[in-house]
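Asker:
Residue numbers (the working numbering): 169 to 698.
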C-alpha cells in the first residue's frame with residue numbers, strides 16, 4: 169500500500185474532497201439524472217443544508233461559483249454567540265435559538281472547533297457605574313440563557329466580577345490608570361469559521377452529497393439550474409426535484425423580488441505581540457452605545473483580530489468587500505480608549521470585511537431610518553412562486569437551524585419523502601468527546617483545527633520531514649496542512665489554501681511570501697505524491 173493510500177485511509181470515510189472527485193461527480197450530475205435537492209451556495213448555511221438533506225437520506229448536489237466559505241462565512245467575528253445582544257433587544261426567540269445552537273456545536277457536533285472563550289470588559293473611567301451595572305445584568309442574563317439551553321457549566325463557566333489586579337492579569341495591555349476592575353464573561357469561539365464550513369461540506373460528502381465548487385448557477389428554477397463550470401467554461405444543466413438558494417448577500421440575484429440589505433462588518437488583524445499576552449479577549453464598549461462592543465480576540469496563531477463594525481452597504485455586491493479607512497479609524501479609536509499605548513495605523517497588518525445578508529423588510533420608496541445594526545438577525549425561509557426555496561438572514565451560530573428549516577420547506581414544497589433532521593446530534597468530521605480529543609497523539613493546535621484527523625495530518629510530516637516545515641517563518645501552519653487541504657478538503661488553487669483552508673492570506677505580505685509554497689504543494693497533491 170502506498171503512503172498516499174495509507175494517508176487517505178485515515179480521513180473520515182467518503183469525506184475526502186479533491187480535484188479528481190469534483191471532475192467525476194460534476195460529469196455525472198450534468199450528464200443526466202435528477203437529484204432530490206440542489207443547493208446553491210456553500211457557505212455555512214448552504215453546506216449545512218447539504219448535510220441536513222443528505223443525512224435525511226436525500227440525493228443531494230451542492231454547488232458554489234467559488235470555493236467553500238468564499239463569501240460571508242469566512243469573514244465572521246469567529247464567535248459562536250449565545251444571543252445576549254438579542255436578549256437585550258427583546259428578541260427572546262432569537263436569543264434562545266442562538267444559545268441552543270451554540271450548545272449543540274460545543275457539546276455534540278463540533279467540540280473540536282468550537283470552545284469556550286473568556287472575555288474581560290475593563291471598567292475604565294469611560295465606563296460609568298450605570299453602564300457597568302447594565303453590562304453585568306446582561307452577562308447574568310446570558311448565563312440564564314446558557315442554563316435554558318442546557319449547556320453545562322463545565323462547557324461555559326459563569327460570569328464573575330474581577331478586581332483591578334485580576335483584570336490586568338487577563339488583559340495586561342489595558343491602561344492601569346483609573347481601572348477599577350472588570351467583568352469576566354464567556355462565549356463560544358470557533359477556531360476558524362472557514363474550517364467549520366469545510367467540515368460541514370466534508371460531512372455532507374460522507375453522507376453522499378456531491379459537493380462541487382467552481383460551478384456557477386446561471387439560472388434557477390423549480391426543476392434545477394443552468395450551470396457553468398468555472399474551470400472549463402462549459403455550460404450544462406443540473407436537474408433536481410427541489411432547489412434551495414443559500415447564496416447569502418447574492419440571493420436576490422437568483423430569485424426575483426427578494427431584497428437583501430447587506431451590512432458590513434470589518435475586523436483588523438494585528439500581530440499578537442503588539443498587544444502582549446492576552447489570556448482572554450476584550451469587550452470594549454462603543455462610546456454612546458448601550459449594547460455595542462468592539463471585540464479583541466486572540467487567535468493563537470500569532471495574530472489578534474479587532475472588530476467589528478456594522479455599516480450599511482449600497483450598490484453592487486463585490487466578491488471580496490473592501491475595507492474603508494473610516495472603519496479602520498473607528499476600530500482603532502475604540503481600541504485606543506482602553507490601551508496603555510494606542511495602536512498606530514501602520515501597526516495594522518491586515519483587515520477584512522464581511523457582508524451580513526440581512527433581509528430587507530422596509531417598504532420600497534419609503535424613508536428608512538433603521539440602522540443595519542438594529543435589524544433583526546432572525547432568519548427567513550421564503551418559497552418563490554415557482555417553488556425555489558431561499559434561506560436568508562440569520563448568522564453563523566444558527567446555520568444548523570437555518571439549514572433544517574430550509575430543508576423542511578423544500579421537502580414540504582415538493583413533496584419529497586424525508587425523515588426528520590438528525591443534525592442536532594450528528595458529529596462533524598473530526599468531532600469527538602473532549603476527553604478523547606485531549607488524548608490524541610498530536611499537538612493541541614492541530615487538534616483544535618482537525619480534531620480526530622490531527623494525527624493523520626501529523627503523519628504526513630513524519631513520513632516526509634520537509635512537510636513539517638512551516639509555510640513561512642513565524643507562522644505555525646505547516647506544509648503538511650496544505651497538502652492535507654489539497655487531498656482531502658477540496659482546495660483547488662493557492663488562494664483556497666492560503667485564504668480559506670488556512671488564514672495566512674489575511675496578512676498581504678504573508679500571503680505573497682507563501683504563494684510559491686502553496687503552488688509547490690498543489691503540484692504534489694497527486695496519487696504519485698507522498
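Ideal Cβ positions, reconstructed from N, Cα and C, are used throughout, including at glycine.
Residue 377 and residue 228: beta carbons closer than 7 Å?
Answerer: Yes, they are a contact pair.
Asker: Measuring alpha carbon to alpha carbon, tell me which of 212, 325, 247 and 567 ends up nearest residue 239.
Answerer: The shortest Cα separation from residue 239 among 212, 325, 247 and 567 belongs to 212.
Asker: What three-state label does DSSP hand residue 531 in the structure shown?
Answerer: Here the model assigns residue 531 a pLDDT of 39, short of 50, so the residue's position is not dependable and the matter cannot be decided.
Asker: Per DSSP, which one or two residues make a beta bridge with residue 387?
Answerer: Its beta-bridge partners are 394.
Asker: Under a three-way DSSP split, which group does residue 276 fall into?
Answerer: If DSSP states are grouped into helix, strand and coil, residue 276 belongs with the helices.
Asker: Just how far apart, CA to CA, sit residue 406 and residue 438?
Answerer: For residue 406 and residue 438, the distance between alpha carbons rounds to 44 Å.
Asker: What is the DSSP secondary structure of residue 334, reduced to helix, strand or coil?
Answerer: Of the three classes helix, strand and coil, the one that applies to residue 334 here is helix, per DSSP.
Asker: Would you kindly work out how many angstroms separate the C-alpha atoms of residue 443 and residue 340, rounded to a whole number?
Answerer: Rounded to whole angstroms, residue 443 to residue 340 spans 8 Å at the Cα level.
Asker: Grab the span of the alpha helix (DSSP H) containing residue 414 for me, first residue to last.
Answerer: It is not in any alpha helix (DSSP H) - residue 414 carries neither H nor E in the DSSP assignment.
Asker: Could you tell me which whole beta strand (DSSP E) segments of length 3 or greater appear in the segment 465 to 489?
Answerer: Here the runs fully enclosed are 471 to 475.
Asker: Assign residue 363 to one of two classes, buried (16 or more other C-beta atoms within 10 Å of its C-beta) or exposed (fewer than that).
Answerer: Residue 363 comes out buried.
Asker: Specify the secondary structure class of residue 184 as computed by DSSP and reduced to three states.
Answerer: Three-state DSSP puts residue 184 in coil, outside helix and strand.
Asker: Any C-beta of chain B sitting closer than 7 Å to the C-beta of residue 691?
Answerer: The question asks about chain B, but that chain is absent: this structure has only one protein chain.
Asker: Give me the DSSP bridge partner(s) of residue 355.
Answerer: Per DSSP, 285.
Asker: Taking residue 647 as the reference, which of 221, 657 and 625 has the closest Cα?
Answerer: Ranking the options by Cα distance to residue 647, first place goes to 625.
Asker: Counting only the same chain and skipping the five closest in sequence on each side, list residues whose C-beta sits under 8 Å from that of residue 284.
Answerer: Cβ neighbours of residue 284 beyond the five flanking positions: 274, 323, 324, 325, 354, 355, 356 and 357.
Asker: Could you tell me which uninterrupted alpha helix (DSSP H) segments, each at least 4 residues in length, are contained entirely in the segment 580 to 664, listed from first to last along the chain?
Answerer: The qualifying runs are 602 to 606, 612 to 618, 622 to 631 and 647 to 656.
Asker: Could you tell me if residue 400 is buried or exposed, where buried requires 16 or more neighbouring beta carbons within 10 angstroms of its beta carbon?
Answerer: By the 10 Å Cβ count, residue 400 comes out exposed.
Asker: Would you tell me roughly how many angstroms separate the C-alpha atoms of residue 231 and residue 455, rounded to the nearest one?
Answerer: Distance between the alpha carbons of residue 231 and residue 455: 43 Å.
Asker: Which one or two residues does DSSP pair with residue 493 in a beta bridge?
Answerer: For residue 493, which the question treats as bridged, DSSP gives no partner whatsoever.
Asker: Run the CB neighbour count on residue 312, radius 10 Å, all protein chains shown included, and call it buried at 16 or more, exposed below.
Answerer: Residue 312 should be labelled exposed.
Asker: On the DSSP letters alone, give me the boundaries of the alpha helix (DSSP H) that residue 309 sits inside.
Answerer: Residues 297 to 316.
Asker: Can you tell which of 235, 319 and 397 has the C-alpha that lies nearest to the C-alpha of residue 192?
Answerer: When each option's Cα is compared against that of residue 192, the closest is 397.
Asker: Tell me the rounded alpha-carbon separation between residue 462 and residue 507.
Answerer: Looking at the two C-alpha atoms, the distance is approximately 13 Å.
Asker: For residue 612, which residues from the same chain have a beta carbon less than 7 Å from its beta carbon, with the 5 sequence-adjacent residues on both sides left out?
Answerer: If we look at residue 612 and ignore the five residues flanking it on each side, it has no Cβ neighbours.
Asker: If you draw a straight line from the C-alpha of residue 547 to the C-alpha of residue 380, how long is it?
Answerer: If you take the alpha carbons of residue 547 and residue 380, they lie about 25 Å apart.
Asker: Beta-carbon within less than 6 Å of residue 521's beta-carbon, same chain only, minus the 5 sequence neighbours each way: which residues are those?
Answerer: Once the five neighbours on either side are set aside, the close Cβ partners of residue 521 are 432, 434, 489 and 491.
Asker: Are the CB atoms of residue 352 and residue 330 nearer to each other than 7 Å?
Answerer: In contact: residue 352 and residue 330 (Cβ atoms closer than 7 Å).
Asker: How about residue 195 and residue 207: do their beta carbons lie closer than 7 Å?
Answerer: Not closer than 7 Å, so no.
Asker: Do you know how far the Cα of residue 669 is from the Cα of residue 422?
Answerer: Answer to the nearest angstrom: the Cα atoms are 28 Å apart.
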